[in-house]
Structures are given as C-alpha cells and as structure tokens.
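Heads up, this note's numbering is the position in the sequence shown plus 310, with the first residue counted as 1. For each residue, glycine too, the CB sits at the ideal point set by N, CA and C.
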Amino acid sequence: MSEKLSINSRIAGDEVYVDLIGVIDEDSIFDKIKNLNMSKFVFDFNQVSMINSCGIREWIKYLQELDGVEIKYINCPQIIIEQVNMVHGFIRKGIIVESFFAPYFCPNCDTEKKIILKNTEVANSKAPVKQCNTCKSDLEFDAIEKQYFSFLSQGK
Ligand SMILES: [Zn+2]
Numbered sequence: 311m312s313e314k315l316s317i318n319s320r321i322a323g324d325e326v327y328v329d330l331i332g333v334i335d336e337d338s339i340f341d342k343i344k345n346l347n348m349s350k351f352v353f354d355f356n357q358v359s360m361i362n363s364c365g366i367r368e369w370i371k372y373l374q375e376l377d378g379v380e381i382k383y384i385n386c387p388q389i390i391i392e393q394v395n396m397v398h399g400f401i402r403k404g405i406i407v408e409s410f411f412a413p414y415f416c417p418n419c420d421t422e423k424k425i426i427l428k429n430t431e432v433a434n435s436k437a438p439v440k441q442c443n444t445c446k447s448d449l450e451f452d453a454i455e456k457q458y459f460s461f462l463s464q465g466k
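As structure tokens, then:
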C-alpha cells in the first residue's frame, strides 16, 4: 500500500524547481530529474509524506549526479528534518536548507502548530519566537532545539 513518489519539475530562468510528492523510500526513482543540465536546483519537499533511511540513501546517490550544482531545499517537513538529523549525507556541503517546518505548541489553545521557518531565522540553535495564528500568544518550541536544528550545521 505504499504510495509512490511523484516528481514534477519546471524551469524558471536558470533554476529548476522540483516538487517531490509522496513517499521517498528504496523504490523511489529520480530518473526524471537526472541529466537536466541545469546549474541550480530548488527542491520543494512540502508534499513529502514519508521518508525512510533507504529513501535517504537513494537521495544521496541521486545527489552524486548533481556534482557542482547549486542546491536549495525548501519547505522541508518535520519528518524530513528528523530523518536528516539522524542520517547524514542528505545535506552535503553547499546545500542550503532555505525553509523548513518546526514544531511549536500553543499553551493557550493546547494545540500543536507547525511553523515554517527560514534558515536565517535560527541562530545558535535558538528557535525564533512565533505567535499563535489563533490567539496571538507566544508559542513554545516543541522539540529539543539543539537536536532539531542540528541539521543546519550539516554541509558546512
Ligand atoms: Zn493559541
């Protein structure tokens, strides 16, 4: 019942935007985004529902095809960040994780919130202060900061 990965790509200027949709695992095939002969890639992980360690291995193999290419990751969901923090290689030297989701909690609403952060908002593994979109009170960061943000120092 595994949901296959689908990949959409579009070229804008000198960049190729790649949407990854579904599950990244040992069956994921990245042929569609090989040999594109572009120098800048933006990978949008927003719609990735699952990634496992085999999927990360496949991804790392795919990255080897993109030698010397400028790479950005955007909209990385929490499930990706958690895997990336455990399995190294997903972020290699020169890859920028431009935006990603982080877990917050509103004590007032008693609700978990996934907030999108930019890499530039996080300094020294400190979660930026964010407000609840419902009640406007300050949210609490809902993970161990040092651990959750450790991927930001990978690839450096
Ligand atoms: Zn609230």
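Can you list, in chain order, the residues of its chain whose CB lies under 7 Å from that of residue 370, leaving out five sequence neighbours each side? As a first step, residue 370 must be located in the sequence shown, where it is residue number 60. Contacts found: 399, 400.
Is there at least one non-hydrogen atom of ligand 1 closer than 7 Å to the beta-carbon of residue 386? Your numbering for residue 386 matches position 76 in the sequence shown. False, no ligand heavy atom lies under 7 Å from that Cβ.
Let me confirm a value: residue 423 is counted as buried when at least 16 other C-beta atoms fall within 10 Å, else exposed. Which label applies? As a position in the sequence shown, residue 423 is number 113, starting the count at 1. The residue in question, residue 423, is buried, as its Cβ has 16 or more Cβ neighbours within 10 Å.
Report the partner residues of residue 441 according to the DSSP bridge assignment. Mapped onto the sequence shown, residue 441 falls at position 131. For residue 441, which the question treats as bridged, DSSP gives the partners 448.
Does the separation of the CB atoms of residue 438 and residue 411 fall below 8 Å? Your numbering for residue 438 matches position 128 in the sequence shown. Your numbering for residue 411 matches position 101 in the sequence shown. No, the pair does not count as a contact, with Cβ atoms beyond the cut-off.
Entirely enclosed alpha helix (DSSP H) segments - the segment 383-421, minimum 4 residues: 388-396
Suppose the cutoff is 8 Å on Cβ atoms and the five residues either side in sequence are ignored; what does the same chain contact list for residue 446 look like? The count along the sequence shown starts at 1 and reaches residue 446 at position 136. Correct list: empty, nothing qualifies.
Three-state secondary structure assigned by DSSP to residue 366: The residue you call residue 366 lines up with position 56 of the sequence shown. In this structure, residue 366 counts as helix in the three-state DSSP scheme.
Short of 6 Å in beta carbon distance, which residues of its chain neighbour residue 452, apart from the five on each side in sequence? Order them along the chain. Counting from one through the sequence shown, the residue named residue 452 turns up at place 142. So the qualifying residues of the chain are 413, 414, 415.
Please check the pair residue 382 and residue 406, which I expect to be a contact at CB under 8 Å, by giving their CB distance rounded to whole angstroms. Working through the sequence shown from its first residue, we reach residue 382 at position 72. Working through the sequence shown from its first residue, we reach residue 406 at position 96. Indeed, because the Cβ distance is near 5 Å, the residues count as touching under 8 Å.
For residue 323 and residue 373, I'd like the C-alpha separation in whole angstroms. Along the sequence shown, read from residue 1 onward, the residue named residue 323 stands at position 13. Along the sequence shown, read from residue 1 onward, the residue named residue 373 stands at position 63. If you take the alpha carbons of residue 323 and residue 373, they lie about 22 Å apart.
Using 7 Å as the cut-off, classify the Cβ of residue 318 as near or not near the heavy atoms of ligand 1, replying yes or no. Walking along the sequence shown from the start, residue 318 turns up at place 8. No, the beta carbon of residue 318 sits no closer than 7 Å to any heavy atom of ligand 1.
Could you tell me if residue 463 is buried or exposed, where buried requires 16 or more neighbouring beta carbons within 10 angstroms of its beta carbon? Position 153 of the sequence shown, counted from the start, is the residue given in the question as residue 463. Exposed is the call here.
Going by other Cβ atoms of all chains shown within 10 Å of its Cβ, with 16 needed for buried, is residue 365 buried or exposed? The residue given as residue 365 occupies position 55 in the sequence shown. That one is buried.
Does ligand 1 have even one heavy atom less than 7 Å from the beta-carbon of residue 444? In the sequence shown, residue 444 corresponds to position 134, counting from 1. Residue 444: yes, Cβ under 7 Å from ligand 1.
What first and last residue would you give for the alpha helix (DSSP H) that runs through residue 357? Start at 1 with the first residue of the sequence shown, and residue 357 comes out as number 47. Note, residue 357: premise wrong, no alpha helix (DSSP H); beta strand (DSSP E) at 350-361.
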